[in-house]
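Working notes, beginning with the structure itself.
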Amino acid sequence: MNLPSIPPPSVLQGPAAMVFSGGGARGAYETGVLRYLFGEFARRHGVPKVDIISGTSVGAINGAFLASVVHDPIEGVQRLVALWNDLELDRVLGFGVGQAVKLPRVLFGGAKGSGLVDVSPLIKLVNENLRWSDLARNLRRANLRALTVSATHVATGRPWVFVDRAPGVSLPSMLPPSMVVRADRIGPQHILASAAIPVLFPPVPVHGELYVDGGLRLNTPMSPAIHMEARRILVVALASATGAEKPAFDPGLFPGVAFLLGKVLNAFLLDHVNADFYELERVNRMIDDGIALYGPDFVERMNQRAVAQGRAPRERLHALAIHPSEDIGRLASRFLQSGRVRLGRAIGKQALRLLDIGEGADADLVSYLLFDGEYARALMELGEQDARKREESLARFFFSADPTKA
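Residues in the sequence shown are numbered from 1 upward in steps of one, following my numbering.
What follows is the structure, encoded as structure tokens:
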């Protein structure tokens, strides 16, 4: 395949990072964005160079997969797309009598962890399809500067960031005091811990400590990438920028636990990215105003003072977010009602019906659990379409000396 050449690094504005949010089965949307970037976009503009990858939850799965194929991302992303295409619910999450028997363990804890669903199929999927040796080789050869995976430490509730990095790359410093950073060789246990949605999935041990879904505290892990000197941040979000225009159900109705749990997951896993971007733009505007008022050395002088006082320096960053143009919870509701979900066991269908009992137009809880190939294809198509709409912005992001200018 003949592809345009990548501009030399000297014309690009610093390292580029891709940040992948958490959201269970919604992660197929992220794969759709990747399919566009390393397919149609690469043929038109050149292969994007990604230096740092940060992921949480399902974003950790997609991010680790991309990290393992950055030496050949076009073929590698095609494999990731095929993996999502072939999903069947029973091959990712097990629903059965065993989960009912273990319900007391879910409610009260014990010597062994448990969740409402059996994750052994997901463990098998991660172990068998992600080439860990290629991931290690890409970091060792500096094809990638760093991969970060976020999880929540059960004992303390603090966000932990595991960092696997190329030789000579420093760990992120001056992060918030609540955030713990650990250098580690990232493997299956880190990914599964990051994706362990509490109650639904059991906690996962890493080096003897228990962790659950990183999205509870750090669902859009921009901070680790920024503090590893990324100057361009591309975030693939899993919630629409504005939310649904119409209420999900009529006034006067009281929703049940499934509907409310879906909204709780949205609040934990999806609603941080807009606030993070608002804060980033606020800092950018402050820097722009300072340069306009005090001259081009304003940033250097400001950072000299910040470092002397033990604070993190500030620099202007270029951030770009790809958001779903359609509410994924409503898309999941329509898809479930269509009866097109591939299920190997009847109990799986009953379980999903319990999660979507027709209280409203949303099926947010189902949207996290519907690991189904046809549903994934719908999300990948949406991700590809939304990324295509941002083609010019993406071209500036990856290939312009100043991505903020046309």
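Here a beta-carbon is modelled for each residue, glycine too, at the ideal position from N, C-alpha and C.
In whole angstroms, what separates the C-alpha of D297 from that of D372? 54 Å
For the beta strand (DSSP E) holding I233, just list the boundary residues, first then last. R232 to V236
Of the residues A25, R131 and G24, which one's Cα is nearest the Cα of D72? R131
Are the segment 146–162 and the segment 294–313 in contact at 8 Å, needing three or more beta carbon pairs? no
Out of curiosity, what's the CA-to-CA distance linking D63 and A319? Before going further, note that residue 63 is Gly rather than Asp in the sequence given. Cα to Cα, G63 sits roughly 18 Å from A319.
Taking the runs of the beta strand (DSSP E) that are 3 residues or longer, which of them lie wholly in the segment 128–210? 146–153, 159–165, 180–183 and 204–206
In three-state terms, what does DSSP make of D411? The question about residue 411 has no answer here: the residues shown for the chain are numbered 1 through 406.
By Cβ distance, which residues of its chain are closer than 6 Å to M18, with the 5 residues on each side in sequence left out? V50, I53 and L234
Please state the DSSP three-state secondary structure of F371. coil
Measuring only the C-alpha atoms, how far is E128 from R140? 22 Å
Assigned secondary structure, L317 (DSSP; H/G/I helix, E/B strand, else coil): coil
Work out the CA separation of N138 and S393 for me, nearest whole Å. 28 Å
Hey, would you say L192 sits closer than 8 Å to V126, going by beta carbons? yes
Could you give the C-beta distance for G24 and V58, rounded to a whole number, given that I count them as a contact under 8 Å? 6 Å
CB L34 to CB V77, shorter than 8 Å? yes
Limits of the unbroken alpha helix (DSSP H) element including G295: That residue, G295, is in no alpha helix (DSSP H); it is neither H nor E in DSSP.
Can W160 and A146 be called in contact, C-beta distance under 8 Å? no
Would you please state the rounded distance, in angstroms, between the beta carbons of G329 and D288? I believe it to be under 8 Å. At roughly 37 Å, the Cβ-Cβ gap does not stay under 8 Å, so G329 and D288 are not in contact.
What does V33 pair with, by DSSP beta-bridge criteria? Bridge partners of V33: none, in fact.
Are there 16 or more other CB atoms within 10 angstroms of the CB of F277, so buried, or fewer, so exposed? buried
By a C-beta neighbour count over all protein chains shown, 10 Å radius and 16 as the cutoff for buried, is L103 buried or exposed? Unreliable placement is indicated for L103, whose pLDDT of 46 sits below 50; no coordinate value is reported for it.
Between S68, R79, N85 and S170, which has its C-alpha nearest V134's C-alpha? Checking the displayed sequence, the identity of residue 134 turns out to be Asp instead of Val. Checking every option, the nearest Cα to that of D134 belongs to S68.
Where the alpha helix (DSSP H) through M222 begins and ends: M222 to I226
Residues bridged to M18 [DSSP beta-bridge criterion]: I53 and L234
Whole angstroms are fine: how far does the CA of I226 sit from the CA of L280? 10 Å
According to DSSP, I322 sits in a beta bridge with which residue or residues? V236
Inter-residue CB distance, G290 and M302 (contact presumed, cutoff 8 Å): 7 Å
Could you pull the DSSP bridge partners for V70 from this structure? DSSP, once it has assigned bridges, lists no residue as partnering V70.
Rounded Cβ spacing between I197 and Y368 (contact assumed at less than 8 Å): 7 Å
Under the DSSP definition of a beta bridge, which residues are partnered with V212? T152
Can you check which of these residues, F397, L336 and R231, is closest to L89 by C-alpha distance? L336
Unbroken alpha helix (DSSP H) run spanning L331, endpoints: I328 to Q337
Return the CA-CA distance between S410 and L80, expressed in angstroms with no decimal places. Here the chain covers residues 1 to 406 and nothing more, so residue 410 does not appear.
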